[in-house]
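Residue numbers (the working numbering), protein chains in the order written: chain B, 28 to 317; chain G, 28 to 317. Don't be surprised by glycine CBs; every beta carbon is placed ideally from N, CA and C. It should be emphasised that the depicted structure is a prediction, and the values quoted were computed from it without experimental measurement.
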DNA sequence: GGTCTCATGATTGACGCCGAACGGCTCCTG
DNA sequence: CAGGAGCCGTTCGGCGTCAATCATGAGACC
């Protein structure tokens, strides 16, 4: 393969009209330029330069190489620009994966703030469950993950994780439920109720909490859509454990009541970036957790 | 400036999914690839690769570099193709400069032969006087020159010159001229005639020949167009010295006669290529002078 | 206008030194 | 257990420089 460096030297010679001038432009010595040119000619098998008077000109073979040398110089300059943009956030990409209710409640505002501050960065958002989000991060398909963890499924330890906030799980019941008026609900009092559960992690959390309360929940409905969960509850079809944030994300549903549980339980919202996080990812992380 | 070589290494890593595989593809060792990548990352200031499982993937910064690396690889491949075409005559250019009558008489056939044989080569022809043609050659604007020389203005010595043929100068007179019936003409018998001369070199030759014959020609008309010369002669306005080739190049003009001179004189048609002639120029030269 | 001199560029050869490439090792992961 | 990555120390190639010489226009001066 032809050496790109030498093509660029050929280009300088053509631009300046002499090896000496090219050498000065490249901060090289004259023999060095001559050496590289000779090597290039040897490799090409045809003469590339010719002297006319005291200026060095390219032969037609040299000029046919020149076009490509220019293209390479352009590409290198573009590459340099691109990488600089990645560093100073005047360009590049930021792909975020976050779980549903965080997407709905907490993300839009900082996302807009970031987009205003760094208009050159192309921002992407994937709304996914935490497990899938972490898989995307590991595969390099996203740059930053916002997920949640609890006792049942702790946060990953192999990447940089920062806790953002605690999100309390509330008991959600039909307004007609016998325990509906109590200020706090012991989960054991719901041992015989029919349960409605959300995502994988929430289900694991429910099982852990119920287990601590000494019972195994009867899960009759499974849906990741929190509005559906609340409508089912409003119709008296069951009870559920929902994070505050999920409740805040969905419109008020009449006919249900919510209450803190005893014991209380939380999910911990965390932010994860890989060790080799891009500048954009680090900056956005700083925006969420100053 | 970013090193193009390293961008190509990054490209191979991306294509093969591991540094080891990239090293094999590049016939390098694994540490060497890692070293170059580390250098590139140091220069870029941002991480370019990330490991996911046992495959190495590019970060978004790395992928933005990848596009440019691909462009550079394409350019290098194109450059290699272009130079190969120059060597094997499947491409490239051949620019010829030749004097008028050679263009008209001798050039078309070998030119067509060359174009048929090497259809990829872009052929150009400049019809010019020999002095200008040699200047074009020196400036690198043409690749091959066909010119003529005689005692007055000899062929250049600083470039590779090959004699092609001798072209005899004939005396050209009106059919009504007193000497018109003679088989050969002593130039001295035309000492008192009015002369018509062609180009710079022909005029120099005429002066030299007349000088040898002991007279200075009265030159009343100067034109480089040989048809004009012959028409002027046919009208009885003068006599001239014209090379056989020039006469062959122009249509038969009635009312003129031609005859060899004593002493005979010739112009020598030569072919000149620079030392660093392209393959196309050398090949075409071989066609003209096997 | 011709010649002389000088300045600039190219070339060649020798040489020093940086760093590219390698091998061997350990650690990690699937 | 195998394959890949990271981390050394070592070696050798070749990149770049310096110095000297040659070539060639350009300007000056007569």
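Pairwise C-alpha distance: residue j and residue i
| i | j | result |
| --- | --- | --- |
| residue 120 (chain B) | residue 178 (chain B) | 34 Å |
| residue 250 (chain B) | residue 294 (chain B) | 18 Å |
| residue 207 (chain G) | residue 213 (chain G) | 12 Å |
| residue 62 (chain B) | residue 106 (chain G) | 20 Å |
| residue 155 (chain G) | residue 68 (chain G) | 57 Å |
| residue 222 (chain G) | residue 244 (chain G) | 6 Å |
| residue 220 (chain G) | residue 237 (chain G) | 12 Å |
| residue 202 (chain G) | residue 285 (chain G) | 9 Å |
| residue 205 (chain G) | residue 148 (chain G) | 53 Å |
| residue 235 (chain B) | residue 266 (chain B) | 16 Å |
| residue 263 (chain B) | residue 257 (chain B) | 10 Å |
| residue 145 (chain B) | residue 123 (chain B) | 15 Å |
| residue 296 (chain G) | residue 307 (chain G) | 20 Å |
| residue 331 (chain B) | residue 53 (chain G) | Outside the shown range of chain B, which is 28 to 317, sits residue 331 (chain B), and nothing can be said about it. |
| residue 311 (chain G) | residue 162 (chain G) | 20 Å |
| residue 45 (chain B) | residue 102 (chain G) | 24 Å |
| residue 174 (chain G) | residue 182 (chain G) | 8 Å |
| residue 40 (chain G) | residue 48 (chain G) | 7 Å |
| residue 248 (chain B) | residue 95 (chain G) | 52 Å |
| residue 305 (chain G) | residue 172 (chain G) | 13 Å |
| residue 14 (chain G) | residue 209 (chain G) | Here chain G has residues from 28 to 317 only, and residue 14 (chain G) is not among them. |
| residue 43 (chain G) | residue 60 (chain G) | 13 Å |
| residue 180 (chain G) | residue 270 (chain G) | 16 Å |
| residue 158 (chain G) | residue 79 (chain B) | 16 Å |
| residue 246 (chain B) | residue 317 (chain B) | 40 Å |
| residue 57 (chain B) | residue 64 (chain B) | 11 Å |
| residue 134 (chain B) | residue 104 (chain B) | 36 Å |
| residue 261 (chain B) | residue 211 (chain B) | 19 Å |
| residue 87 (chain B) | residue 254 (chain G) | 36 Å |
| residue 309 (chain B) | residue 167 (chain B) | 15 Å |
| residue 229 (chain G) | residue 199 (chain G) | 14 Å |
| residue 97 (chain B) | residue 97 (chain G) | 15 Å |
| residue 165 (chain G) | residue 55 (chain G) | 45 Å |
Under 7 Å from the C-beta of residue i: neighbouring residues of chain G
| i | result |
| --- | --- |
| residue 74 (chain B) | 303 |
Cβ neighbours of residue i in the same chain (closer than 6 Å, five flanking residues each side left out)
| i | result |
| --- | --- |
| residue 301 (chain B) | 186 |
| residue 242 (chain G) | 218 |
| residue 226 (chain G) | 156 and 251 |
| residue 130 (chain B) | 154 |
| residue 29 (chain G) | none |
| residue 240 (chain G) | 214 and 215 |
Beta-carbon gap between residue i and residue j smaller than 8 Å
| i | j | result |
| --- | --- | --- |
| residue 233 (chain G) | residue 268 (chain G) | yes |
| residue 125 (chain G) | residue 176 (chain G) | no |
| residue 194 (chain B) | residue 272 (chain B) | yes |
| residue 26 (chain G) | residue 99 (chain B) | Absent from the model: residue 26 (chain G). The displayed extent of chain G is 28 to 317, so no value can be given. |
| residue 303 (chain G) | residue 77 (chain B) | yes |
| residue 191 (chain B) | residue 287 (chain B) | no |
| residue 128 (chain B) | residue 231 (chain B) | no |
| residue 299 (chain B) | residue 188 (chain B) | yes |
| residue 150 (chain G) | residue 114 (chain B) | no |
| residue 50 (chain G) | residue 31 (chain B) | no |
Proximal chain B residues relative to residue i, where beta-carbon distance stays under 9 Å
| i | result |
| --- | --- |
| residue 230 (chain G) | Within 9 Å Cβ-Cβ: nothing; residue 230 (chain G) doesn't reach chain B, min ~28 Å. |
| residue 99 (chain G) | 31, 98, 99, 102, 103 and 106 |
Residues that residue i contacts on chain B, provided the C-beta gap is smaller than 7 Å
| i | result |
| --- | --- |
| residue 188 (chain G) | Neighbours of residue 188 (chain G) on chain B: none; closest Cβ ~17 Å, over 7 Å. |
| residue 92 (chain G) | 106, 109 and 110 |
| residue 77 (chain G) | 167, 301 and 303 |
Contact set between residue i and chain G, taken where Cβ atoms lie within less than 9 Å
| i | result |
| --- | --- |
| residue 300 (chain B) | By Cβ distance, chain G contributes nothing, its closest Cβ being about 11 Å from residue 300 (chain B), past 9 Å. |
| residue 306 (chain B) | 72, 73 and 88 |
| residue 34 (chain B) | 31, 102, 103 and 106 |
Cβ neighbours of residue i in the same chain (closer than 8 Å, five flanking residues each side left out)
| i | result |
| --- | --- |
| residue 314 (chain B) | 137, 140 and 141 |
| residue 90 (chain B) | 41 |
| residue 289 (chain G) | 211, 212, 213 and 214 |
Own chain partners of residue i with C-beta closer than 7 Å, once the 5 adjacent residues on each side are dropped
| i | result |
| --- | --- |
| residue 117 (chain B) | 147 |
| residue 92 (chain B) | 34, 37 and 75 |
| residue 291 (chain B) | 195 |
| residue 66 (chain B) | 33 |
| residue 85 (chain B) | 41, 75, 76 and 93 |
| residue 259 (chain G) | 223, 248 and 265 |
Proximal residues of chain B, C-beta to C-beta of residue i below 8 Å
| i | result |
| --- | --- |
| residue 84 (chain G) | 166 and 167 |
| residue 272 (chain G) | In chain order: nothing, as chain B lies at least about 29 Å away. |
Proximal chain G residues relative to residue i, where beta-carbon distance stays under 8 Å
| i | result |
| --- | --- |
| residue 62 (chain B) | Result: empty, since nearest Cβ-Cβ is about 18 Å, beyond 8 Å. |
| residue 95 (chain B) | 102, 103, 105, 106 and 109 |
Practice task
Scan the stretch 111-140 of chain B for residues whose Cβ lies nearer than 7 Å to a Cβ of chain G and list them as they occur along the chain.
Solution key: 113, 114, 119 and 120
Handout entry: Contact residues within the stretch 145-171 of chain G, judged by C-beta distance below 8 Å to chain B
Key = 165, 166, 167 and 170
Handout entry: Interface positions of the stretch 186-220 of chain B facing chain G (Cβ-Cβ less than 9 Å), listed along the chain
Key = none
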